[in-house]
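**Student:** In the numbering used here, the protein residues as written are 1 to 467. Take this structure, written in structure tokens, and hold onto it; I'll ask about it next.
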Amino acid sequence: MHKVRVVQKLHLVPIERRLDAIKEAGFNTFRLSTKDVFLDMLTDSGTNAMSDNQISAMFQADDAYAGSQSFMRLQKAVEDVLGKKYLLPVHQGRAAENVISRAFIKPGNVIPMNYHFTTALAHITENGGKIKELLYDHALDFTSDHPFKGNINIEKLEECIRRHGAENIPFIRMEASTNLIGGQPFSISNLMDVRRIADKYGIMLVLDASLLGENAYLVKQREKEWRENSMADIIKMMTGLADLVYFSARKLSSSRGGGICTNRKDLYMKMEALIPLFEGFLTYGGISVREIEAMAVGLYETLDETMISQSPQFIRFLVNELGRLGIPVVTPPGVLGAHVDAMGFCSHIPQEHYPAGALAAAFYLVSGVRGMERGTISSVRDENGIEILADVELLRLAVPRRVFTLSQIKYVVDRMAWLYENRELIGGLEFTYEPPVLRFFMGGLKPLTDWPEKLMVKFRKDFGDSL
Ligand code: F0G
Numbered sequence: 001m002h003k004v005r006v007v008q009k010l011h012l013v014p015i016e017r018r019l020d021a022i023k024e025a026g027f028n029t030f031r032l033s034t035k036d037v038f039l040d041m042l043t044d045s046g047t048n049a050m051s052d053n054q055i056s057a058m059f060q061a062d063d064a065y066a067g068s069q070s071f072m073r074l075q076k077a078v079e080d081v082l083g084k085k086y087l088l089p090v091h092q093g094r095a096a097e098n099v100i101s102r103a104f105i106k107p108g109n110v111i112p113m114n115y116h117f118t119t120a121l122a123h124i125t126e127n128g129g130k131i132k133e134l135l136y137d138h139a140l141d142f143t144s145d146h147p148f149k150g151n152i153n154i155e156k157l158e159e160c161i162r163r164h165g166a167e168n169i170p171f172i173r174m175e176a177s178t179n180l181i182g183g184q185p186f187s188i189s190n191l192m193d194v195r196r197i198a199d200k201y202g203i204m205l206v207l208d209a210s211l212l213g214e215n216a217y218l219v220k221q222r223e224k225e226w227r228e229n230s231m232a233d234i235i236k237m238m239t240g241l242a243d244l245v246y247f248s249a250r251k252l253s254s255s256r257g258g259g260i261c262t263n264r265k266d267l268y269m270k271m272e273a274l275i276p277l278f279e280g281f282l283t284y285g286g287i288s289v290r291e292i293e294a295m296a297v298g299l300y301e302t303l304d305e306t307m308i309s310q311s312p313q314f315i316r317f318l319v320n321e322l323g324r325l326g327i328p329v330v331t332p333p334g335v336l337g338a339h340v341d342a343m344g345f346c347s348h349i350p351q352e353h354y355p356a357g358a359l360a361a362a363f364y365l366v367s368g369v370r371g372m373e374r375g376t377i378s379s380v381r382d383e384n385g386i387e388i389l390a391d392v393e394l395l396r397l398a399v400p401r402r403v404f405t406l407s408q409i410k411y412v413v414d415r416m417a418w419l420y421e422n423r424e425l426i427g428g429l430e431f432t433y434e435p436p437v438l439r440f441f442m443g444g445l446k447p448l449t450d451w452p453e454k455l456m457v458k459f460r461k462d463f464g465d466s467l
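Shown next as structure tokens:
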């Protein structure tokens, strides 16, 4: 239910240039320059299309260091949409994780959660905390079509609290549309169970709402009791169950920035002083006032089902088409992107040789499409420097909202089908440069053999001189 009014020209450089580009990028798609990228499916973060209303709101921003009316409008949007009175603005989602972790985590604390996100894990660890991921077994079974793989395992949650003691658990973290397991939602009934346990043991419940709109949309689609409710009701229900809600506005509201919100003054006061220290004054939080305006409008737009549903519908198409070709993908189709199971795709590559990283590099090479590795490269080493093999090895192909056309999605299917037929040509990778924290962002790798050249030769043979 949208039409395109502003366009950006794309370039598809020949495979010979793509080979040089991925070598220059250390076989890490984060390090590619967009001049070498055709379809950018790295992420939806800050890349969702903005609406005309968002862009026009940016022109009415109130430039003021303190007391800006733009912030007042954002505060009202947060109260109207998320149902929380107190708002702390931050420059992006991980900044919220920094503030929350510093305010509430003490060394030795345990934080139970459905599943980690990379930046949340980094900030919790940085503050001396340890995470416990408590999913049900079907959550990591890609072929299971369980509708709510993001549900936290309630029995394990209670057992975890009993084992570690409520006094050592500052909060339970629930992530909407659990990113790293393939954008899989939790149900409202699961969140209600979490609330019951949080109340029973007197523990705070923190909701990462970065992908809340999509989680709400899938609740409406998949949870019978909520089928007749509006997006507004569903979102308010979910945020109402949490003591503290934080979000990356780069994802939630198609803008920049982020926020932490709550109805509890005591929680707000524990974090307030950290905002001027790390982010900026309390009425801008390191975000430009223009972006604050776009964020406010974007929050109201998350209540529009036709806006939220566009990306999940394209993802469903992509997942179903790939599945039809026998390509292993995470099902049921989730949000954010399609997630290809790299261990299934490249079953000949041992996990120590980073099959998801290799698949991301190979797919860029044969298509110009930039996806993201979500597997062991995105994981960490343990305290002895031993590699922790990730639970899943995924190539994520993000489908930002209202950015691509269906024919571009079909191009992705087409090139992926060719790569799947030639998958034996893909080989492993090893690190040449490994940063100590969040290594996937800037790390450098190299192929273990000359497999990229071989893949290019086969591509030229099959595609002639086409790009
Ligand atoms: N929480 C979730 C669930 C996220 O997906 C992200 C970011 C963050 C927190 C951190 O927010 O980037 O604004 O600092 N996800 C992006 C992605 C980076 O590509 O999935 P941020």
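Backbone N, C-alpha and C fix where the C-beta goes; we use that ideal spot for every residue, glycine too.
Nearest CA to the CA of E421: which residue from F317, I377, P147 and P328?
**Tutor:** P328
**Student:** If you reduce the DSSP assignment to three classes, tell me which class E223 lands in.
**Tutor:** Of the three classes helix, strand and coil, the one that applies to E223 here is coil, per DSSP.
**Student:** Please report the distance separating the alpha-carbon of L365 from that of P452.
**Tutor:** Looking at the two C-alpha atoms, the distance is approximately 8 Å.
**Student:** Kindly confirm or deny that the stretch 256 to 275 and the stretch 219 to 228 touch, where touching means at least three C-beta pairs closer than 8 Å.
**Tutor:** These segments do not touch.
**Student:** To which residues does DSSP link E430 through a beta bridge?
**Tutor:** Its beta-bridge partners are K446.
**Student:** Can you grab the Cα-Cα spacing for the pair T43 / E97, in whole Å?
**Tutor:** Looking at the two C-alpha atoms, the distance is approximately 19 Å.
**Student:** Taking the alpha carbon of R163 as the reference point, which residue from S101, N190 and V110 has its own alpha carbon closest?
**Tutor:** V110
**Student:** Would L429 and A342 be called neighbours here (beta carbons separated by less than 9 Å)?
**Tutor:** Taking C-beta atoms as the reference points, L429 and A342 fail to come closer than 9 Å.
**Student:** So I181 and K149 are supposed to be a Cβ contact under 8 Å. How far apart are they, rounded?
**Tutor:** 6 Å
**Student:** Is E24 near M456, with beta carbons less than 9 Å apart?
**Tutor:** no
**Student:** Go ahead and label H348 buried or exposed: buried means 16 or more other beta carbons lie within 10 angstroms of its beta carbon, across all protein chains shown.
**Tutor:** By the neighbour-count criterion, in which a residue is buried when 16 or more other Cβ atoms sit within 10 angstroms of its Cβ, H348 is exposed.
**Student:** With a threshold of 8 Å (Cβ to nearest heavy atom), would K251 be considered close to ligand 2?
**Tutor:** In the structure shown, ligand 2 is absent; the only ligands present are ligand 1.
**Student:** Could you pull out every unbroken beta strand (DSSP E) segment of at least 3 residues lying fully inside the stretch 258 to 308, listed in chain order?
**Tutor:** 258 to 262
**Student:** Can you look up A242 in the DSSP assignment and give me helix, strand or coil?
**Tutor:** DSSP places A242 outside both helix and strand once states are collapsed to three, so it counts as coil.
**Student:** In whole angstroms, what is the alpha-carbon distance linking I388 and G213?
**Tutor:** 32 Å
**Student:** Three-state secondary structure (DSSP) at V78?
**Tutor:** helix
**Student:** Mind checking whether H353 and L394 have CB atoms under 9 Å apart?
**Tutor:** A distance of 9 Å or more separates the beta carbons of H353 and L394.
**Student:** Give me the Cβ distance between N215 and S177, rounded to the nearest whole Å; I'm assuming they're in contact under 8 Å.
**Tutor:** 4 Å
**Student:** At 4 residues or longer, and completely inside the stretch 138 to 224: list those alpha helix (DSSP H) runs for me, N to C.
**Tutor:** 154 to 164, 188 to 201 and 212 to 222
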